[in-house]
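Down below is the structure, laid out as structure tokens.
Protein chains: 2
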Amino acid sequence: MGKTKKSKASIYDIAQAVGVSPAAVSYVINGKDKVSEKTKAKILSAMAEMGYVVNQTAVSLSRGKSSLVGVCFPLNSSSLVFSDNPFYSEFLANFEKEISKNGYDTIIGYLQTPQDFERWIVSRGLDGLVLFGLYSPEIFKIILAHKVPFILTDFYDPEFKASSIRIDDEKGGYLAGKHLIELGHKNIAFIGGPVEASKVDSKRLEGLNAALKEVGLSCALHLEAPTTFDGGYNAATVLKEHPEITAVFCGSDIVAIGLMRHAQELQVSIPDDLSVIGFDDLQACTYVYPALTTIRQNIPLKGQLAADNLLKAMKGEINPDPQTLTPTLVVRNSTSKPRF
Amino acid sequence: MGKTKKSKASIYDIAQAVGVSPAAVSYVINGKDKVSEKTKAKILSAMAEMGYVVNQTAVSLSRGKSSLVGVCFPLNSSSLVFSDNPFYSEFLANFEKEISKNGYDTIIGYLQTPQDFERWIVSRGLDGLVLFGLYSPEIFKIILAHKVPFILTDFYDPEFKASSIRIDDEKGGYLAGKHLIELGHKNIAFIGGPVEASKVDSKRLEGLNAALKEVGLSCALHLEAPTTFDGGYNAATVLKEHPEITAVFCGSDIVAIGLMRHAQELQVSIPDDLSVIGFDDLQACTYVYPALTTIRQNIPLKGQLAADNLLKAMKGEINPDPQTLTPTLVVRNSTSKPRF
DNA sequence: TTAGCTTAGTTAATTGGTTAACATATTTAA
DNA sequence: TTAAATATGTTAACCAATTAACTAAGCTAA
Chain A
1 MGKTKKSKAS
11 IYDIAQAVGV
21 SPAAVSYVIN
31 GKDKVSEKTK
41 AKILSAMAEM
51 GYVVNQTAVS
61 LSRGKSSLVG
71 VCFPLNSSSL
81 VFSDNPFYSE
91 FLANFEKEIS
101 KNGYDTIIGY
111 LQTPQDFERW
121 IVSRGLDGLV
131 LFGLYSPEIF
141 KIILAHKVPF
151 ILTDFYDPEF
161 KASSIRIDDE
171 KGGYLAGKHL
181 IELGHKNIAF
191 IGGPVEASKV
201 DSKRLEGLNA
211 ALKEVGLSCA
221 LHLEAPTTFD
231 GGYNAATVLK
241 EHPEITAVFC
251 GSDIVAIGLM
261 RHAQELQVSI
271 PDDLSVIGFD
281 DLQACTYVYP
291 ALTTIRQNIP
301 LKGQLAADNL
311 LKAMKGEINP
321 DPQTLTPTLV
331 VRNSTSKPRF
Chain B
1 MGKTKKSKAS
11 IYDIAQAVGV
21 SPAAVSYVIN
31 GKDKVSEKTK
41 AKILSAMAEM
51 GYVVNQTAVS
61 LSRGKSSLVG
71 VCFPLNSSSL
81 VFSDNPFYSE
91 FLANFEKEIS
101 KNGYDTIIGY
111 LQTPQDFERW
121 IVSRGLDGLV
131 LFGLYSPEIF
141 KIILAHKVPF
151 ILTDFYDPEF
161 KASSIRIDDE
171 KGGYLAGKHL
181 IELGHKNIAF
191 IGGPVEASKV
201 DSKRLEGLNA
211 ALKEVGLSCA
221 LHLEAPTTFD
231 GGYNAATVLK
241 EHPEITAVFC
251 GSDIVAIGLM
261 RHAQELQVSI
271 PDDLSVIGFD
281 DLQACTYVYP
291 ALTTIRQNIP
301 LKGQLAADNL
311 LKAMKGEINP
321 DPQTLTPTLV
331 VRNSTSKPRF
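And the structure:
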């Protein structure tokens with residue numbers, strides 16, 4: 001057996017080895033210009049030799065900053081949202097990559113009650129928060145009360161003085177409409193979430209309507225359906241009763257995928273009998289047959305921007321205007337000219 | 001303006017308000033039986049009134065335990081793995097749910113170098129680690145050197161004295177083979193990852209072979225393909241040249257989905273001309289047409305077991321035998337009797 | 001020459017909670 | 001009636017950093 005090495009070297013150990021005070025070591029670690037080059041070199045080499053790694057816990061306690069940010073996925077919505085959607089893995093990976101460059105670590109939470117939230121935020125002393133979608137007023141009260149910088153994703157309310165990131169849903173809807181119109185469709189339907197629940201979908205519908213209006217058309221049919229595979233699946237039966245409709249714009253890819261699936265089972269050929277366009281550009285768009293034409297949002301960019309905005313927010317730079325990403329049209333095989 | 005409340009109450013504040021020592025407050029918080037009911041009640045009510053929330057950072061520092069566990073997704077593999085696979089969101093959600101019940105928070109990391117790893121583990125003082133798949137020997141050396149309890153997921157090496165969770169790949173392969181045999185198939189192909197890279201897939205192939213051997217058959221064709229949509233897509237051309245093959249078992253759903261897609265483009269009808277069975281049971285299995293028959297692994301259970309095993313490992317209870325989950329057959333519409 | 005400024009450090013309080021060791025007061029047992 | 005045991009606390013060292021305030025030596029300029 002060799003010497004029993006202490007499992008972790010502290011600045012005290014380094015200081016003792018070099019023969020200086022712990023403060024000197026701390027100054028070197030933090031790049032403060034208070035130590036001579038000679039001493040600095042000695043400290044640095046002792047640190048390397050002894051395998052020194054800073055104890056973030058101690059730093060957090062003494063500085064009153066945790067260098068920890070929380071990303072929260074609410075549990076009150078349908079659990080489908082998380083497991084269905086590669087969106088979250090992809091967002092998280094890109095967010096983490098960016099925020100970790102700045103020395104922050106990411107903690108995740110699936111919280112339900114305001115009490116859970118408070119415990120989570122306060123006990124860990126989170127420096128910042130990323131919130132998805134809508135939370136209850138009680139939860140917002142907690143967040144606001146503790147003055148934790150936070151950013152909103154896929155949700156925007158002018159009432160909140162917070163940075164937020166969203167996609168230009170209206171423009172997305174417009175692009176979808178334009179695409180269908182250019183293909184020659186006249187009777188276009190929209191399938192989206194219940195209006196009061198999904199502001200996002202109603203914006204997408206507005207965009208569609210704007211495109212239709214430009215050419216003197218209007219939405220032929222507006223179906224409400226939950227934002228799930230089954231929601232789209234069930235909508236197919238209604239569509240089957242409206243043979244005059246030659247194209248559908250779905251507020252989400254997942255709905256479009258469910259719709260296509262059932263349509264095919266009902267002998268409705270896509271895109272020959274019915275053109276379908278979605279929104280999001282999930283990976284699954286390329287798996288389905290025919291591959292789904294859709295409006296793409298750039299998820300990696302969203303993750304990166306979320307990190308950038310949160311970093312700014314933590315410095316007190318809050319941009320009350322939502323940061324809006326521009327969606328793009330991705331044409332695949334689920335849309336074509338109408339038959340007649 | 002009201003009174004300027006201190007932003008966070010500490011045990012000192014509580015102690016002062018009640019007129020006891022901070023230690024008494026600490027004992028109450030930790031349920032130590034050292035304080036009279038009367039005093040305890042006073043402390044508890046002061047805590048409630050002053051909105052006391054424990055400072056985990058201070059607890060971590062003084063106890064030398066962070067109550068933080070890390071879940072690490074390696075970056076060196078194809079990024080597809082993460083964004084393609086709802087597996088990770090789903091695993092994470094269930095893992096977090098279970099581990100948070102025991103007072104741990106989850107921190108995520110996408111680490112690359114051994115140095116990144118070391119900084120991550122040591123500086124936050126992580127109490128435990130969840131690792132996915134295979135890491136470099138240098139990274140394992142770091143982990144072992146710091147004696148952090150960890151568990152392995154989807155990877156098992158008897159060399160490591162660590163708990164691990166995997167699925168019974170061999171049994172899964174057997175179930176797939178059995179299903180195809182019972183449908184009457186005689187010429188069955190296998191598509192999987194390169195043998196040296198994917199131990200998992202070779203186990204699955206072994207299971208298939210075992211089932212075939214029971215009825216005096218053997219694998220008609222073994223194709224190697226990367227575990228991606230494109231890997232499956234490209235394999236379809238080879239299969240087209242082998243009309244005698246009536247069924248394929250793919251080592252992963254994603255490969256099966258790519259294969260089905262191209263097969264349909266090549267006018268190979270599924271399941272009439274070719275039965276396809278996958279492995280994993282991704283959500284996408286129900287999106288594709290026809291819905292994919294597959295071997296299911298119970299992801300929520302996997303997340304929960306990962307948490308349970310990690311909790312045990314942190315108590316020093318390491319089970320060197322891998323914990324093996326049993327896969328099940330999920331029959332959908334991509335498999336049927338062969339035409340002839 | 002001497003007051004004043006740098007440079008290169010050190011000292012010690014602070015962050016919030018834990019816990020071993022100690023101190024009384026009260027109960028119990030002999 | 002005492003000694004021992006129990007109940008109910010308090011004190012203070014400790015965890016690993018940070019940082020304001022202090023110090024001493026060396027240098028500069030008038």
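So the protein sequences, as listed, match chains A and B. The first sequence runs 1 to 340 under our numbering. The second sequence runs 1 to 340 under our numbering. Backbone N, C-alpha and C define an ideal beta-carbon position, used for all residues, glycine too. All figures in this text were calculated on a predicted structure; none of them were measured in a lab.
Going by beta-carbon coordinates alone, are Ser202/A and Asn209/A separated by less than 8 Å? For this step, residue 202/A is matched to residue 202 along the first sequence. For this step, residue 209/A is matched to residue 209 along the first sequence. No, these two residues do not count as a Cβ contact at 8 Å.
Got a sec: is the Cβ-Cβ distance from Asn76/B to anything in chain A below 8 Å? As a position in the second sequence, residue 76/B is number 76, starting the count at 1. With a pLDDT of 42 at Asn76/B, under the threshold of 50, the predicted position of this residue should be treated as unreliable, though the coordinate-derived value follows. Not closer than 8 Å to any Cβ of chain A, the Cβ of Asn76/B fails to qualify, so no.
Within the chosen definition, does the stretch 174-189 of chain B reach the stretch 152-165 of chain B through at least 3 CB pairs nearer than 8 Å? no
When the Cβ atoms of the stretch 64-71 of chain B are set against those of the stretch 101-109 of chain B, are three or more pairs found closer than 8 Å? yes
On the DSSP letters alone, give me the boundaries of the beta strand (DSSP E) that Asp281/B sits inside. Within the second sequence, residue 281/B is the residue found at index 281, counting from 1. Unbroken run through Asp281/B: none, as it is neither H nor E.
With 7 Å as the limit, tell me which residues of the stretch 114-148 of chain A have their beta carbon closer than that to any beta carbon of chain B; keep them in chain order. Glu118, Arg119, Val122, Ser123, Arg124 and Gly125
Go ahead and label Pro226/B buried or exposed: buried means 16 or more other beta carbons lie within 10 angstroms of its beta carbon, across all protein chains shown. Here residue 226/B refers to the residue found at position 226 when the second sequence is read from its first residue. So Pro226/B ends up on the buried side.
Within the 8 Å Cβ cut-off, does Glu206/A reach chain B? Position 206 of the first sequence, counted from the first residue, corresponds to residue 206/A. So, not an interface residue.
Sub-8 Å separation of Ala15/A and Val25/A beta-carbons: Residue mapping note: residue 15/A aligns to position 15 of the first sequence, counting from 1. Residue mapping note: residue 25/A aligns to position 25 of the first sequence, counting from 1. Going by C-beta atoms, Ala15/A is nearer than 8 Å to Val25/A.
Counting only beta-carbon separations shorter than 8 Å, does Asn30/A have a partner in chain B? Here residue 30/A is taken as the residue at index 30 of the first sequence, counted from 1. Chain B, which has no Cβ nearer than 8 Å to the Cβ of Asn30/A, makes this no.
Any residues in the stretch 49-63 of chain B with a beta carbon nearer than 9 Å to a beta carbon of chain A? Which ones, in chain order? Gly51, Val53, Val54, Asn55, Gln56, Thr57, Ala58, Val59, Ser60 and Leu61
Three-state secondary structure (DSSP) at His262/A? Reading the first sequence from its first residue, position 262 is the one you call residue 262/A. In this structure, His262/A counts as helix in the three-state DSSP scheme.
Step through the CB atoms of chain A and report whether any lies within less than 8 Å of the CB of Gln267/B. Start at 1 with the first residue of the second sequence, and residue 267/B comes out as number 267. By this cut-off, Gln267/B is not an interface position.
Counting pairs of beta carbons, one from the stretch 35-43 of chain B and one from the stretch 282-292 of chain B, are three or more of them closer than 8 Å? no
Count the other C-beta atoms from every protein chain shown that fall within 10 angstroms of the C-beta of Phe95/B, then say buried if there are 16 or more, exposed otherwise. Position 95 of the second sequence, counting from 1, holds the residue named residue 95/B. By the 10 Å Cβ count, Phe95/B comes out buried.
Limits of the unbroken alpha helix (DSSP H) element including Glu214/A: Against the first sequence, residue 214/A aligns to sequence position 214. Unbroken alpha helix (DSSP H) run through Glu214/A: Lys199 to Glu214.
Any idea if Thr326/B is buried or exposed, counting beta-carbon neighbours within 10 angstroms, 16 or more meaning buried? Residue 326/B sits at position 326 when you count from the first residue of the second sequence. Exposed: under 16 other Cβ atoms inside 10 Å.
Indicate the three-state DSSP secondary structure (helix, strand or coil) for Ser163/A in the structure shown. As a working mapping, residue 163/A is identified with position 163 in the first sequence. Correct three-state label for Ser163/A: strand.
Of all the CB atoms in chain A, is at least one closer than 8 Å to the CB of Ala17/B? Here the question's residue 17/B lines up with position 17 in the second sequence. Chain A contact via Cβ: absent.
Between Thr227/A and chain B, is there a C-beta pair that is closer than 8 Å? The residue labelled residue 227/A in the question sits at position 227 within the first sequence. Not one chain B Cβ lies under 8 Å of Thr227/A.
Is it buried or exposed for Thr293/A, if we count other Cβ within 10 angstroms and need 16 for buried? On the first sequence, residue 293/A is found 293 positions in, with the first residue counted as 1. It counts as buried.
Arg124/A: first and last residue of the uninterrupted alpha helix (DSSP H) it sits in: Taking the first sequence and counting its residues from 1, one reaches residue 124/A at position 124. Arg124/A -> alpha helix (DSSP H) spans Pro114 to Arg124.
May I ask you to report which of helix, strand or coil DSSP gives Gly133/A? Residue mapping note: residue 133/A aligns to position 133 of the first sequence, counting from 1. Coil.
Under 7 Å by beta carbon: chain A residues contacting Ala284/B: If you number the second sequence from 1, residue 284/B lands on position 284. Those are Ala284 and Tyr287, listed as they occur along chain A.
Short CB-CB distance (under 8 Å) between Ala9/A and chain B: If you number the first sequence from 1, residue 9/A lands on position 9. Cβ-Cβ to chain B under 8 Å: no for Ala9/A.
Per DSSP, the bridge partner or partners of Val71/A: Taking the first residue of the first sequence as position 1, residue 71/A is located at position 71. Its beta-bridge partners are Ile108/A and Val130/A.
Applying a beta-carbon distance threshold of less than 8 Å, which residues of chain A neighbour Ser275/B? The residue given as residue 275/B occupies position 275 in the second sequence. The premise fails here: Ser275/B is roughly 17 Å from chain A at the closest Cβ pair, so nothing lies under 8 Å.
Looking at Val276/B: is its Cβ nearer than 8 Å to the Cβ of Leu259/B? For the purposes of this step, residue 276/B is taken as residue 276 along the second sequence, with counting starting at 1. For the purposes of this step, residue 259/B is taken as residue 259 along the second sequence, with counting starting at 1. Yes. Within cutoff.
Assuming Val148/A and Leu126/A form a contact by the criterion Cβ under 8 Å, report the distance between their Cβ atoms to the nearest whole angstrom. Indexing the first sequence from 1 puts residue 148/A at position 148. Indexing the first sequence from 1 puts residue 126/A at position 126. The Cβ separation is near 6 Å, so the contact holds.
Of the listed residues Ala263/A, Glu98/A, Asp321/A and Ala247/A, nearest to Ala176/A (C-alpha basis): Residue 176/A sits at position 176 when you count from the first residue of the first sequence. Residue Ala247/A is the option with its Cα nearest to Ala176/A.
Near Lys312/B, which residues of its chain fall below 8 Å by C-beta distance, leaving aside the five closest residues on each side in sequence? Locating residue 312/B in the second sequence gives position 312, counting from the first residue. Correct list, in chain order: Ser163, Ile318 and Asn319.
Roughly how many whole angstroms lie between the Cα atoms of Gly51/B and Tyr110/A? As a first step, residue 51/B is located in the second sequence; it is residue number 51 there, counting from the start. As a first step, residue 110/A is located in the first sequence; it is residue number 110 there, counting from the start. Roughly 22 Å separates the two Cα atoms.
According to DSSP, which residues form a beta bridge with Lys247/B? As a first step, residue 247/B must be located in the second sequence, where it is residue number 247. Residue identity differs from the one stated: residue 247/B is Ala in this sequence, not Lys. Answer by DSSP bridge pairing, in chain order: Ile188/B and Ser275/B.
Can you give me, in chain order, the residues of the stretch 88-109 of chain A that have a beta carbon less than 9 Å from any beta carbon in chain B? Tyr88, Ser89, Glu90, Leu92, Ala93, Glu96, Lys97, Ser100, Asp105, Thr106, Ile107, Ile108 and Gly109
Chain A beta carbons: is any one of them nearer than 8 Å to that of Ile270/B? Sequence index remark: in the second sequence, residue 270/B carries index 270 (1-based). No, Ile270/B lies away from the interface with chain A (no Cβ there is under 8 Å from its Cβ).
Along the chain, where does the beta strand (DSSP E) containing Val329/B start, and where does it finish? In the second sequence, counting from the first residue as 1, residue 329/B sits at position 329. It should be pointed out that residue 329/B corresponds to Leu in this sequence rather than to Val. That run of the beta strand (DSSP E) goes Thr328 to Val330.
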